[in-house]
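Written out below as structure tokens is the structure these notes cover.
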Amino acid sequence: MADTDEEAQRDAAPNAQWFYDALSTFLPGAPGRERPSSGYEEYPESPEKIAGLSADDPWSWGACYVSPETVLKSMQAYSERVYTNHWMAWMRIGQLSHEKVMRSMELFAKEVMPKLKAQA
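Counting along the sequence shown from 1, when you hit position 23 you're at 138 in our numbering, and nothing is skipped either side.
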């Protein structure tokens, strides 16, 4: 999270892409790895599918690198559809700097959490 959607995407994209690329090499079925046991072929997802993830389209798989306003709207819309009140946030990915991680946490704590709490 950053002050603007553009800044958040610019900061997160290369770090998220690094993570997706690295993750795809550790999954069963990746080159040099065993295939999943019978009955687990789709769990976890295939390395090809993970390798195909792109930081350019994080919304397609449930992540968002955006401003507090945009993440709040997204969380509110999701909550209305599935009636959830528990969230997990992963604020550091790849080599994102400590300062940017702390800024993201600060924005979430000051600008998103109070508004979500008020709606609970």
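Glycine included, every Cβ here is placed at the ideal spot set by N, Cα and C. All values derive from a computational prediction rather than experimental measurement.
Asked                                                                                                                                                              : Found
Taking the alpha-carbon of residue 209 as reference, which of 122, 136 and 120 has the nearest alpha-carbon?                                                       : 136
Below 6 Å, is the gap between the Cβ of residue 130 and the nearest heavy atom of the ligand MG?                                                                   : The model depicted lacks the ligand MG and carries no ligand whatsoever.
With distances taken from CA atoms, which of 118, 131, 191 and 139 is nearest residue 233?                                                                         : 191
Under a Cβ-count criterion, where at least 16 other Cβ atoms within 10 Å of its own Cβ denotes burial, should residue 181 be classed as buried or exposed?         : buried
The alpha helix (DSSP H) with residue 125 in it runs from where to where?                                                                                          : 120-139
Using the Cα positions of residue 187 and residue 153, report the straight-line distance between them to the nearest angstrom.                                     : 41 Å
Any idea if residue 126 is buried or exposed, counting beta-carbon neighbours within 10 angstroms, 16 or more meaning buried?                                      : buried
Going by beta carbon distance, what residues of the same chain come within less than 7 Å of residue 119, once the five residues before and after it are set aside? : 182
On a Cα-Cα basis, can you pick out the residue from 218, 227, 143 and 214 that is closest to residue 202?                                                          : 227
Cutting at 7 Å between CB atoms, please list the residues of its own chain near residue 130, excluding the five before and the five after it.                      : 208, 209, 210 and 211
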